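Take the sequence shown: its letters are residues 1 to 381, numbered as in this note's numbering.
Glycine residues also receive a C-beta, built at the ideal position from the N, C-alpha and C atoms.
Since we're looking at a predicted model, the values are computed, not measured.
Everything below concerns the one structure shown next.
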Amino acid sequence: MISFATHREHEKKTFKIFINGLIVLGIMLLFSSMAKAEVKAEEITAVSPEAVSEEEDVSAGSKYTVYTVVVQDNYGTEVYTTSKDPKTIGDFFAENGIVLGDLDILRGELTDPISSGMVINIKRAEDVSFLIDGEDIYTIYMNVNTVGEALSLLKEETGINYTLGEGFSSSQSYDIVDLIPVVSVYTKVETKIADYYFDTEIIENPDLEEGVTNVLSEGQVGSREITVRVNYENGEAVSTETLSETILVEPVNRIVEIGTKTEEPEEEEEETTAAFSMGTVVRQLVMNASAYSADYACTGKTPGMAGYGITASGMKAQYGVVAVDPRVIPLGTRLYVEGYGYCIAADTGSAIKGNKIDLCFNSYSEAVNYGRRNVTVYILA
Numbered sequence: 001m002i003s004f005a006t007h008r009e010h011e012k013k014t015f016k017i018f019i020n021g022l023i024v025l026g027i028m029l030l031f032s033s034m035a036k037a038e039v040k041a042e043e044i045t046a047v048s049p050e051a052v053s054e055e056e057d058v059s060a061g062s063k064y065t066v067y068t069v070v071v072q073d074n075y076g077t078e079v080y081t082t083s084k085d086p087k088t089i090g091d092f093f094a095e096n097g098i099v100l101g102d103l104d105i106l107r108g109e110l111t112d113p114i115s116s117g118m119v120i121n122i123k124r125a126e127d128v129s130f131l132i133d134g135e136d137i138y139t140i141y142m143n144v145n146t147v148g149e150a151l152s153l154l155k156e157e158t159g160i161n162y163t164l165g166e167g168f169s170s171s172q173s174y175d176i177v178d179l180i181p182v183v184s185v186y187t188k189v190e191t192k193i194a195d196y197y198f199d200t201e202i203i204e205n206p207d208l209e210e211g212v213t214n215v216l217s218e219g220q221v222g223s224r225e226i227t228v229r230v231n232y233e234n235g236e237a238v239s240t241e242t243l244s245e246t247i248l249v250e251p252v253n254r255i256v257e258i259g260t261k262t263e264e265p266e267e268e269e270e271e272t273t274a275a276f277s278m279g280t281v282v283r284q285l286v287m288n289a290s291a292y293s294a295d296y297a298c299t300g301k302t303p304g305m306a307g308y309g310i311t312a313s314g315m316k317a318q319y320g321v322v323a324v325d326p327r328v329i330p331l332g333t334r335l336y337v338e339g340y341g342y343c344i345a346a347d348t349g350s351a352i353k354g355n356k357i358d359l360c361f362n363s364y365s366e367a368v369n370y371g372r373r374n375v376t377v378y379i380l381a
């Protein structure tokens, strides 16, 4: 950000240049008047009507007037004296080796005549440098007055949309700092091929014992083409918008049968004993259990996305974490789930309402293999 002190210093420099210009102009006018007076005095003293021949008259009539000319550009002020008359600005430049670059701007025309005391202004093109996204320096040779004009030329040359860094405005003089900070803002449309995961169909089999599953048909992953618009700032993706999605290969559902036959009392007693070993059982429920994992197929998220692998309570989604309806089982409750083991209620789900529980596994394949079944849930003190 440009400080107030820097701005005041810039004003002081501008005022000083203006005063110096006035002083130089006054000196020029004084020298010009003195030079002309000297030339006229010489003519009057040296030439008399009686003594001058025709040739001397021609010589006397071709006396040159002395001119004082000031040239000002970005780099300073130079005073020149010339006695060739008449003369144009173009002739004056050629005589004194003053060159105009392709982008330099002359305040006037090369065909304009020279006059004593004339001030010629040239605005020279210069290198203007930009600090892009806080990392790279990009320099362009240009002739501009403001930061806004410089920014427009940068956009035109690179084809990238940039905005000014904090503390800068388009109306500021471009030479107020060595580097103009800019931030790249651009959009890319990207197309990628992604897996299209299948669903699992559950068939209940009352002849199979509860907890037993059989895979009747393996699923097959399909594929889809996804087109997204990615918005970048400072070279980093800040948002993504899905534009279209086309299914290339339809997935084939996986079919699993699960047993619903009531377990023998002995097995139930074993589970109860295991639950008691973890703590005091204060309540016992029979719930419909499903399974999930942190994978894309279950959550719609991939590593790196916001919230990936994090439960509603903030815990990491892993084996031993289960989703419940908080109205039935409060979050944070310690549980023992038949056929699954010791766990904690730390997550929720839109489909987990009432007497349902969703058990987290460490992989998608484990979750699919578990399927869906009715289980006894022991609530521990």
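Considering only C-alpha positions, which residue in the set Y378, K155, E233, D73 is nearest to I344?
Y378
Taking DSSP's pairing of strands, which residues face M305 in a bridge? Answer is none; M305 lacks a bridge partner.
Go through its chain and collect everything with a Cβ distance to G302's Cβ below 8 angstroms, but skip five positions before and after it.
The residue asked about is misnamed: residue 302 is Thr in this sequence, not Gly. Counting only Cβ-Cβ distances below 8 angstroms, and skipping sequence neighbours, we find Y296, Y308.
Where does the unbroken alpha helix (DSSP H) through D91 begin, and where does it stop? 89-96
**Report entry** C-beta atoms of T88 and L110 nearer than 8 angstroms
**Finding:** yes
task = Would you mind giving the Cβ-Cβ distance between T213 and E257, rounded to the nearest angstrom? I have them listed as a contact below 8 angstroms.
result = 7 angstroms
Inter-residue spacing [alpha-carbon to alpha-carbon] between A150 and V128:
8 angstroms
Since N234 contacts D133 with CB under 8 angstroms, what's their CB separation in whole angstroms?
-> 5 angstroms
Pop quiz: V144 and Y186 are said to be a contact at Cβ under 8 angstroms. What is the actual Cβ separation, rounded to whole angstroms? No, V144 and Y186 are not in contact; Cβ-Cβ is about 23 angstroms, not under 8 angstroms.
message: Let's see if you can read the secondary structure: which residues bound the alpha helix (DSSP H) around T213?
response: Segment 213-217 is the beta strand (DSSP E) holding T213; no alpha helix (DSSP H) there.
> Can the beta-carbon of I122 be found less than 8 angstroms from the beta-carbon of F92?
Replying inline: no
**Asked** CA-CA distance, S62 and T139?
**Response** Any reading at S62 needs caution, since the residue's pLDDT is 45, under 50, leaving its predicted position unreliable; the model's value is listed next. Roughly 52 angstroms between the two C-alpha positions.
On a CA-only basis, which of S239, A323, E78, D112 is nearest G97? Give me that one, please. E78
When DSSP labels each residue in this structure, what does A60 get in the three-state scheme? Residue placement at A60 is poorly supported in this model, since its pLDDT is 39, which falls under 50; the coordinates are not used for a value here.
message = Does chain C have any CB closer than 8 angstroms to the CB of E201?
response = The chain inventory of the structure shown lacks chain C, comprising one protein chain alone.
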